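Residue numbers (the working numbering): 8 to 94.
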C-alpha cells in the first residue's frame, strides 16, 4: 500500500474509533518490515478562541496493507501550545 493511502487509513481508523475529527498527521514511521506507526492529532474539545482547543495525540499502528494493529492516545495539548502533546 502507498504511504499516502496508509495515512488516510490511519485517519479513518482513529476517527471511527474516537468519533473525533482528525486535524493533522504529525508523523509516519516504519516499525519493522511489515508495520507502520502513524501519529494523528484529533480535535478533542473545541473552545473559543480556537487557540484554546484541546488536541489529542494518537498513535495508530497499521500493517503494510492498512489493517489496524494498534491504537493508543499518547497525549494532549492546547492548540496554541508549542509542546509536542505527549504526557
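From the three backbone atoms N, C-alpha and C, an ideal C-beta is built for every residue, glycine too.
Computed from a predicted model, the values in this text were never measured in an experiment.
- Under the three-state reduction of DSSP output, residue 49 falls in the strand class.
- Buried is the label assigned to residue 18, since at least 16 other Cβ atoms lie within 10 Å of its Cβ.
- DSSP places residue 35 in no alpha helix (DSSP H) but in the uninterrupted beta strand (DSSP E) bounded by 28–37.
- Per DSSP, residue 74 lies in no alpha helix (DSSP H) and is assigned neither H nor E.
- Classified as exposed, residue 9 has fewer than 16 neighbouring CB atoms from the shown chains inside 10 Å of its CB.
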